[in-house]
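One structure below.
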Amino acid sequence: MAKRKFQLTESQISELIQAFCECADGQLRTRYQAVRMYGCTYSVSEVSALTRCSRSSLMDWCAAYTQAGLAGLADGRWGGNDAKLTLEQRAELQCRLETYPPEQLLGAVTQTADGKFWTVEDLQHALMQWWNVKYASRSSYYNLFHACGFSSQRPAKVFKSQRPSQMMEFEEHAEKN
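So this note's numbering is basically just the index in the sequence shown, starting at one, shifted up by 108.
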């Protein structure tokens, strides 16, 4: 049987206990507890049963603690698409969306016939033009609209190639017949 290489000193154990008591984040508390238990000679199966973590996660946490201490156990994820725009950019985006219709900011590139209402495609084009930002998921644009105070509505289906003069001529012709 191989001797365990990961062992904690008394000061490390008390550091983990103190961090566990002061922490409000449940996932981080689980990491503190799992590393402390494993470092105090609990078996992997006991730690896994008590903390409901996998063996590979436990080993990763122990390695992270060895390399960086308590900071190594903190969650390092950024949070996906939210990180693409800063808070200032989001505030500026909200101001632009509330103040101007798409036709004023994007010109003839708008997705609706009259360019008065914002669509996901308009928002995609605007974000790419202003900040060179593109989200991977369509739902991210919906979330961004929602964060800016907009609600979802289905626009009327209108062909962009329609010409008002031809439509009037057709309607007049249809009324005569």
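Here a beta-carbon is modelled for each residue, glycine too, at the ideal position from N, C-alpha and C.
Computed from a predicted structure; not experimentally measured.
(request) For the alpha helix (DSSP H) containing ASN251, list its first residue and its last residue. (result) Note, ASN251: alpha helix (DSSP H), 246–255.
(request) State buried or exposed for MET275, treating a residue as buried only when at least 16 other CB atoms are found within 10 Å of its CB. (result) When all chains shown are included, MET275 counts as exposed.
(message) If I measure Cβ to Cβ from VAL228 and keep anything under 8 angstroms in the same chain, skipping five residues before and after, which residues do I get?
(response) These residues qualify, in order along the chain: ARG246, TYR249, TYR250, PHE253.
(message) Looking at ALA142: is its Cβ nearer than 9 angstroms to the Cβ of LEU166?
(response) Yes, the Cβ-Cβ distance between ALA142 and LEU166 is below 9 angstroms.
(message) Taking 6 angstroms as the limit between beta carbons, can you name the residues of its chain near GLY215, skipping five residues before and five after?
(response) Nothing listed; no residue qualifies.
(request) Would you be able to state if there are at least three C-beta pairs under 8 angstroms between the segment 233–241 and the segment 204–215? (result) Yes: the two stretches touch, three or more of their Cβ pairs being nearer than 8 angstroms.
(message) I need the DSSP call for TRP238, collapsed to helix, strand or coil.
(response) TRP238 falls in the helix class under three-state DSSP.
(request) Assign TYR208 to one of two classes, buried (16 or more other C-beta atoms within 10 Å of its C-beta) or exposed (fewer than that). (result) Classification for TYR208: exposed.
(request) State the Cα-Cα distance for the pair LYS192 and VAL241, rounded to the nearest angstrom. (result) C-alpha separation (whole angstroms): 7 angstroms.
(request) Going by CA-CA distance only, name the one from GLU200, ALA199, ASP222 that's closest to PRO210. (result) Closest by alpha carbon: ASP222.
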